Amino acid sequence: MTDLFRIVIAELPRFPELAEAPVHAREDAVLRVRRYLLDETEAGTARIADPELAATQFLGMISNFPSRGGRR
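In full-length UniProt numbering, the protein residues as written are 1 to 72.
If you want it as structure tokens, here you go:
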């Protein structure tokens with residue numbers, strides 16, 4: 001995996017959009033999980049005060065997902 005990161009970093013001057021790919025992937029994952037948690041809250045099967053924070057924490061538990069450390 002480290003080799004892949006090195007290649008991506010080396011190619012950033014030629015392909016600057018590569019730098020944005022992880023950000024977009026993170027945002028998409030948070031939005032999908034947040035939507036699911038909102039749907040479950042609306043259905044009455046879950047009580048979640050902050051779905052975005054819960055989504056980020058959940059994703060952090062199941063992977064090496066970047067977290068904001070509880071900050072907004």
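Think of the CB as a built atom: it goes at the ideal place given N, C-alpha and C, for glycine as much as any other residue.
This structure is a prediction, so every number in the text was calculated from the model and none was measured.
In its chain, beyond the 5 residues on either side, Pro51 have a beta carbon closer than 6 Å to the beta carbon of Leu38. Counting the other Cβ atoms within 10 Å of the Cβ of Arg34 gives 16 or more, which makes it buried. Annotated as proximal: Ala29 and Leu59, with beta-carbon spacing under 8 Å. Looking at the backbone, the Cα of Glu40 and that of Pro13 are separated by about 43 Å. In the structure shown, Asp3 adopts helical secondary structure according to DSSP, grouped into three states.
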